[in-house]
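One line per chain: the protein sequences are A and B, in this order. Note that my numbering has the first sequence beginning at 25, numbered continuously upward. Note that my numbering has the second sequence beginning at 1368, numbered continuously upward. In what follows, a single structure is set out as structure tokens and then discussed.
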Amino acid sequence: MAAIEIKSEITGTVWQVKKQPGDTVEEGDTLIVIESMKMEIPVITEDAGTVKEILVKEKDPVAEGQTVAIVED
Amino acid sequence: MAFEQLMEEYDAQRVRALAMGGPDKLAKRRAAGILNARERLDRLFDGGTFLESGLFGTSAFADDRASTPADGKITGFGRIRGREAAAVANDFTVKGASSSTTNMKKIGHVKRTATERGIPLIFLGESSGARLPDNMGARGMGSMLGLDPHQYLRSRESPWAAAALGLCYGSSTWYCCLADFNVMRKGAILAVSSSLLASLAMNDPVDPEELGGWRVHAEITGLADRVADSDEEAIDAIKTFLGYLPSHSNEPPPVATVPAGSGAQMEGIAALLPESRTQVYDMRKVLRAVVDRDSYFELKARFGKAGVTALARLGGQSVGLIANNPLFKGGALDADACQKITSFIVLCDSYNIPIVMFVDTPGFAIGVEAERKRAPAMIMNFMNALSLVTVPKLTVLVRKSYGQAYINMGGGRNSDEFVAWPTAEVSFMDPNYAVTVVFGLKPGDPGFDDAHAKMQRDSSVYDIASIYAVQDVIAPHHTRDYLIRMLDVHRLRRSNGVGKHLMAAWPTTC
């Protein structure tokens, strides 16, 4: 079991939180949607596992490279 | 000595040379599910085709001769799916496959042969670095290092493919970086030097995975083109990669048969795009639908993800796909994505593989982080590479194309054919931003709407088609047929499918 930090690839504002701690996720699942450049940009996990933590809430500003969730594989 | 005795001696010498580092070390690897160097070569080459060169090589130091079968690096030739190739397999059970005088001669020989005779060269990497104490001291350095000024020269006469299959320090790391393709097996470490030496030098413990594990190289450095779960999977990835490439730079890539069912998804391809321009989608689904069935082979999938680079086939012919992926950063290319695309352009152009681009980008990624990662320089490297391409370039504008990214992504005369889907929109920047930048007005300010109308004028696909700045507007479901036909129109007939390779010596190691 390794904790994998899921980072936002882009600066923007949290628009939706799609997954909660305890949720099982597959590779390619969207955890959070960020609004940036007038678009809805998903934050996606590249690894299957279980969501351990969601570190942001709706309307929070996020910076590029910021860790927004932790997934355990 | 009677001939029988000579043959007994010969057989005994062979058995000793083939014993590698001895039964204990080999058993440990087997228990861990890791192939040894000879098993790796068996996996790589067609059955019974391996022709070894240097089986009886050993350390040049008399005391080490008995303990250095094949001197720790097994070299030779074999066939991969019927095609001749050369290989170096590091035998970690013999002195950590460390570099010595004899095994450097072996590598030099197969490398020269691969280059001069036009066959691919494969490095199955797992090595500890320079052999000690052989290399120690001024005399050791002077007699072992730097003797071949072309040792680490890369000019892409024939394809090189490498695998990191264990601890890779020194030469195996260097060859992974110089190779056209590098696959990393999970659990392997690829670094300049070991975590032990790094810990000693920096007086700070270093975790090997943090130093050079697969996640580092797949996601942060981009040095790994693919990641594999096992030795077998890694070696198979090399064979798949080489299947798209010619044996050398002076011939076109091999042509494959087109699998049944190719193009079956074309009718529904437009449905892969969302209705709203503010929503994103996975461009890789579009690419998979267009190319020959099961031929999509993505490189650096976890690195610079706003850009996609993949080898594939269209009508049996190898192509290099370059695309924006709106799923990541909205398709805005960052410095990593630019670097990844640049090195992919070099690969395709060096081996006569036509380039097909799929565009949907709001422009380049901008902001403090982008600038600090040298985005302007990476954008121009990419642009320079695209300008030097001499293989055919076809570009399909799927949705957005804005600003300088329009040019980098094959806009205007930067492709041989530039065509658009009816969903395309082209402009310099988002009209809202343009009004604010030029007139200082924000939405709701008096005069904003008039200014906005001016900025938004003439940005439909038929506006650009009317001045022949795109050569055609094509229906999405015709894309596959269009590209196959256009690749035929643009075939390099006058040079038998061979380009000029103006970037063959470009130092793009990532």
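Glycine included, C-beta positions come from ideal geometry on N, C-alpha and C. Keep in mind the model is a prediction, meaning the values are calculated, not measured.
Any Cβ of chain B closer than 8 Å to the Cβ of A/P66 would place that residue at the interface, and such an atom is present. Taking 8 Å as the upper bound for CB-CB distance, B/P1729 and B/K1767 are in contact here, some 6 Å apart. Within the stretch 1664-1676 of chain B, the residues whose Cβ lies closer than 8 Å to any Cβ of chain A are, in chain order, R1669, K1672 and A1673. Between B/F1695 and chain A, the shortest Cβ-Cβ separation is below 8 Å. When Cβ pairs closer than 8 Å are counted between the two stretches, the stretch 1661-1678 of chain B is seen to touch the stretch 1692-1712 of chain B, the count reaching three or more. Under a criterion of Cβ atoms nearer than 8 Å, the residues of chain A adjacent to B/G1734 are, in order, T35 and E88. Here A/V49 has K43, L55, T69, A72, G73, T74, V75 and V95 as same chain residues with Cβ atoms under 8 Å from its own Cβ, once five neighbours each way along the sequence are excluded. Annotated as distal: B/D1458 and B/A1429, with beta-carbon spacing of 8 Å or more.
Relative to B/G1414, the option among B/I1841, B/I1474, B/E1451 and B/Q1380 whose CA is nearest is B/E1451.
Sixteen is the threshold: when 16 or more other Cβ atoms of the shown chains lie within 10 Å of the Cβ of B/K1462, as they do, the residue is buried. At a Cβ-Cβ threshold of 8 Å, B/G1421 and B/T1435 do not count as neighbours. Comparing C-alpha distances from B/T1425 to each of B/G1439, B/G1866, B/R1651 and B/A1595 shows the shortest one belongs to B/G1439. Apart from the 5 residues on each side of it in sequence, B/L1512 sits with its Cβ closer than 8 Å to the Cβ of A1497 and N1502 in its chain, given in chain order.
Close to A/E70, with beta-carbon spacing below 7 Å, are these residues of chain B in chain order: R1669. The Cβ atoms of B/A1690 and B/L1654 lie closer than 8 Å to each other. Secondary structure within the stretch 1599-1635 of chain B: not one fully enclosed beta strand (DSSP E) run of 3 or more consecutive residues is present. Using a Cβ distance threshold of 8 Å, B/V1455 and B/I1486 do not count as a contacting pair. A distance below 6 Å between beta-carbons, with the five flanking residues on each side excluded, links B/F1795 to the following residues of its chain, in chain order: G1770. In the DSSP assignment, B/D1515 falls outside any beta strand (DSSP E) and carries neither an H nor an E. Annotation for B/L1491: the continuous beta strand (DSSP E) segment containing it runs L1488 to S1494. From the listed residues B/R1861, B/I1602, B/R1847 and B/I1401, the smallest Cα separation to B/Q1632 is found for B/R1847. Under the three-state reduction of DSSP, B/D1816 is assigned to helix.
The Cβ of B/T1645 sits closer than 8 Å to at least one Cβ of chain A.
For A/P66, the enclosing beta strand (DSSP E) begins and ends at M63 to I68. Distance from the CA of B/L1567 to the CA of B/S1495, rounded to the nearest whole angstrom, comes to 16 Å.
With respect to chain A, the C-beta atom of B/D1797 has a partner C-beta closer than 8 Å. Contact check between the stretch 1785-1800 of chain B and the stretch 1737-1745 of chain B: fewer than three CB pairs, one atom from each, fall below 8 Å, which does not count as touching. Pairing B/G1537 with B/S1833, the inter-Cα distance amounts to about 57 Å.
For the stretch 1719-1730 of chain B, residues whose beta-carbon sits nearer than 7 Å to a beta-carbon of chain A comprise P1729. Residue-level contact check: B/A1699 touches chain A, since one or more beta carbons of chain A fall below 8 Å from its beta carbon. In the structure shown, the three-state DSSP call for B/D1716 is helix.
Minimum Cα-Cα distance from B/K1478 among the listed residues B/I1447, B/P1572 and B/W1527 corresponds to B/W1527.
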